[in-house]
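Data first, discussion second: the structure below is written as structure tokens.
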Amino acid sequence: MVVMRSVMYTPGNNYRMIQKMPSLHADVLVPDIEDSVPPEEKETARFIVRDAIPSLAKSGSLVYVRINDWRTGLTEDDLEAIVQKGLDGVVLAKTESKEDVTRLDEKLTALEKERGLKQGSIAIQLLIETAKGVINAYESAIASERVNSLVFGAVDYTRDMRITLTKEGGEILVSRCQTAVAARAAGHIAIDPPYPAFRDTEGFIKDSKAGRQLGFEGRMLIHPSQIEPSHEAYSPTKEQIEYAKEVVSVFEDGMKKGLASVNLRGQMLDIAVYRTQQDTLAAAEAVEAWLKEKEERKKQWE
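Numbers in my numbering are just positions in the sequence shown, counted from 1, shifted up by 44.
Structure representation (structure tokens):
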């Protein structure tokens, strides 16, 4: 199970910020060569990101790069620059169809073969940020076995819809939900869009927990101060884990006695509740396993 509680973005043309990225403790580090980089800086960003990938990988975090979408004519050059050992995945901006995904899959396969990398080792994260992208999200999500996550991009989505993005976010709720449902239906992780007010930690946690209730399991971040709050929002709490353990224990004792439901302090627990709490424990175990894996990933570069 992939853990992506925090997906930290940094402009790829900002050498100083890219150099600081390995010190961050995000689950996923994403140097960006798409919208945060002006057109005249794209080539510079490619070189900076290309050279930075090994040092980013040494941090143990997953390393993804956001690339420009196919309609820009820049995607091929982005991929030629960045595909190498240490790159775990690419984020395809403005994904709108399964053809966008299969084309990317084919290019990655060719580059992996050319550069002696394990076939299928580079994952794909889809950035869903247009009306067409939302409508086709599920088809895009199942177009390649490389796909493991979908990100909802609120800013470009609202621009495409000719509406204004507000702090309350009522205007994006339906498509935000559709993206999460498409990701879940495909068996992938749903990643929530950025929360721009990075100094508003309370608001960030509140909004992230609301997103968690919609099915999102991580968040795209724009400032390092959001990393730890994101881990808090998308990880089971100690209280949730303890309750889950109690429910699982009590229900399993009941099953041994031939019962399909049991009473826990005046609350009836059935198989659906039991499975939900099993999922909570699985999520907690996945986070713990990921932290151990992260340490092992560091050792591979020593």
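Yeah, the Cβ is synthetic: ideal placement off N, Cα and C, and Gly gets one too.
Being a predicted model, the structure only gives us computed values, none of them experimental.
Query, Result
"Beta-carbon gap between serine 305 and arginine 49 smaller than 8 Å", "no"
"Test item: CB-CB of aspartate 52 and alanine 70 under 8 Å", "Strictly speaking, residue 52 in this sequence is methionine, with aspartate absent from that position. In contact: methionine 52 and alanine 70 (Cβ atoms closer than 8 Å)."
"Reduced DSSP secondary structure (H/G/I, E/B, other) of alanine 137", "coil"
"Best match in Ser252, Glu143, Ile62 for proximity to alanine 187 [C-alpha to C-alpha]", "Glu143"
"contact_flag[the region 115 to 134, the region 97 to 106] where n(CB pairs < 8 Å) is 3 or more", "yes"
"Beta-carbon gap between alanine 181 and threonine 223 smaller than 8 Å", "yes"
"Helix, strand or coil at isoleucine 77 [DSSP, three-state]", "coil"
"Environment of valine 218 [buried if 16+ CB atoms lie within 10 Å]", "exposed"
"Residues near glutamate 276 by beta carbon distance below 8 Å, same chain, minus five either side", "Ile249"
"Same chain only: Cβ atoms within 7 Å of valine 291, ignoring 5 sequence neighbours per side", "Leu308, Leu313, Val317, Tyr318, Gln321"
"Beta-bridge pairing of valine 107 - partner residues as DSSP gives them", "Leu73"
"Alpha carbon of leucine 209 to alpha carbon of leucine 123, nearest angstrom", "31 Å"
"The alpha helix (DSSP H) enclosing alanine 326, as first and last residue numbers", "315 to 343"
"Lysine 86 classed as buried or exposed, judged by whether at least 16 other C-beta atoms fall within 10 angstroms", "buried"
"Strand pairing of threonine 54, partner residues [DSSP]", "Pro75"
"Rounded separation between proline 82 and arginine 90 - CA only", "12 Å"
"Given 8 Å, three or more beta-carbon pairs between the region 195 to 209 and the region 156 to 164", "no"
"Cβ-Cβ separation, isoleucine 166 to valine 191 (assumed contact under 8 Å), whole Å", "Not quite, the Cβ-Cβ distance comes to about 11 Å (not below 8 Å), so this is no contact."
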